[in-house]
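Input: a single structure, listed below in structure tokens.
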Amino acid sequence: MLAENLDVAAKQIRLHTLKELRALGFGHFGGSLSIVEALAVIYGKHLAVDPQKPEDANRDYFVLSKGHGGPALYATLFLKGFFAEDELYTLNQNGTRLPSHPDRNLTPGVEMTTGSLGQGISVAGGIAFGNMLAGRENYTYAIVGDGELNEGQCWEAFQFIGHHRLDRMIVLIDDNKKQLDGLTADIIDPLDLEAKMATFGFRTVTVDGASTQAIDEAIQTAKRSSGKPYAIVLDTVKGQGVTHIEEKADNHHLRPDDGDKQAIDDAILALENDLEGVAQ
Numbered sequence: 001m002l003a004e005n006l007d008v009a010a011k012q013i014r015l016h017t018l019k020e021l022r023a024l025g026f027g028h029f030g031g032s033l034s035i036v037e038a039l040a041v042i043y044g045k046h047l048a049v050d051p052q053k054p055e056d057a058n059r060d061y062f063v064l065s066k067g068h069g070g071p072a073l074y075a076t077l078f079l080k081g082f083f084a085e086d087e088l089y090t091l092n093q094n095g096t097r098l099p100s101h102p103d104r105n106l107t108p109g110v111e112m113t114t115g116s117l118g119q120g121i122s123v124a125g126g127i128a129f130g131n132m133l134a135g136r137e138n139y140t141y142a143i144v145g146d147g148e149l150n151e152g153q154c155w156e157a158f159q160f161i162g163h164h165r166l167d168r169m170i171v172l173i174d175d176n177k178k179q180l181d182g183l184t185a186d187i188i189d190p191l192d193l194e195a196k197m198a199t200f201g202f203r204t205v206t207v208d209g210a211s212t213q214a215i216d217e218a219i220q221t222a223k224r225s226s227g228k229p230y231a232i233v234l235d236t237v238k239g240q241g242v243t244h245i246e247e248k249a250d251n252h253h254l255r256p257d258d259g260d261k262q263a264i265d266d267a268i269l270a271l272e273n274d275l276e277g278v279a280q
């Protein structure tokens, strides 16, 4: 069960993300770990969703546009009660409901199939627009990757969201400074994300993406505002929360060697020890 304490919730999500990827033996460690705190805050405090009524028309929606962070989302969905823990260890196996990237036709709790970058945020904008037209007051949340912003489709989506003043749309940008083939600043410099999002009609703020308190406060501010959508730029580190992975130059997708495996096992043990006896 996902803890009410957001820092504890983040440790739970990080632990189970590591365990499922360690069991698989490879995967998207870096970009999964950098969104853990954001997922803890969204699912732990703000997202109105019930695993017993997943199709409730008045539910809030969450779309993980950077679909390669799927393992962290799966860990979160397990903790929210969408499926049992054993299913986590079927990640990316034949016949699984948990493919490497989220699939709305397979995975309970997943609203949009993602992995083709730029498409998730576009659909999230459409969901928010549809809810506005229907007169609903539910929120739509989306996490977008900084590398994903290389895709022009993201900016078309932002233009649409800003134009329609979808003020129940909250976009979180995982600014972890890396993408598949290098540093974002070297590949296509994202420049000033706050200024760019403001130009597209968003209210914007940058926060420490490793601080559940900072993320929570930003979302609360977003929900109090009206008239414009809200963008929260998360200042994160790829591999966040596991020093060994943070320090690896190529940490987007890992097939861990013996040294990596030991470091991951050590991180799992440390998290288990931290969580032992903690009121959850």
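Sequential numbering from 1 applies to the sequence shown in UniProt numbering.
No residue lacks a Cβ here, since even glycine has one placed at the ideal position from N, Cα and C.
Which residues in the same chain as His253 place their Cβ atom closer than 8 Å to its Cβ, once the five residues preceding and following it in sequence are excluded? Phe26, Gly27, His28, Phe29, Gly30, His68 and Leu180
Starting from the C-beta of Asn150, find all residues in its chain whose C-beta is less than 6 Å away, skip the five residues before and the five after it, and write them out in chain order. Ile188
Quick one: using the 10 Å Cβ neighbour count with 16 as the cut-off for buried, is Asn251 buried or exposed? buried
Neighbourhood of Lys197 by C-beta, 6 Å cutoff - its chain only, sequence neighbours within 5 removed: It is worth fixing the name first, because residue 197 is Met in this sequence and not Lys. The answer, listed in chain order, is Thr204 and Ala231.
Alpha helix (DSSP H) segment containing residue 281, residue limits: Past the edges of the chain, shown from 1 to 280, lies residue 281, and the structure says nothing about it.
Just to confirm before moving on: does the CB-CB distance between Val36 and Ala10 stay below 8 Å? yes
Here's the rule: buried if 16 or more other CB atoms are within 10 angstroms of the residue's CB, otherwise exposed. What is Pro54? exposed
C-beta atoms of Leu193 and Ile173 nearer than 8 Å: yes
Starting from Gln77 and walking both ways along the alpha helix (DSSP H), at which residues does that stretch end? Residue identity differs from the one stated: residue 77 is Leu in this sequence, not Gln. Its alpha helix (DSSP H) spans residues Gly70 to Leu79.
Does DSSP put Thr199 in a helix, a strand or coil? helix
In this structure, what does DSSP give as the bridge partners for Phe62? Tyr141
Identify, in the order they occur along the chain, each residue of the same chain with its Cβ nearer than 6 Å to the Cβ of His244, setting aside the five sequence neighbours on each side. Ala263
Does DSSP classify Asp56 as helix, strand or coil? coil
In the DSSP assignment, what are the bridge partners of Tyr230? Ile170 and Arg203
Please report the distance separating the alpha-carbon of Tyr74 from that of Ala142. 15 Å
Can you give me the Cβ contacts of Trp155 inside the same chain, cut-off strictly under 8 Å, excluding the 5 residues immediately before and after it? Leu149 and Phe200
Run of the alpha helix (DSSP H) containing Ala222, from where it starts to where it stops: Thr212 to Arg224
Chain D within 8 Å of Cys154, Cβ atoms only: Although the question refers to chain D, the structure presented lacks it and comprises just one protein chain.
Give the secondary structure of Gly118 by DSSP, where H, G and I count as helix, E and B as strand, and everything else as coil. coil
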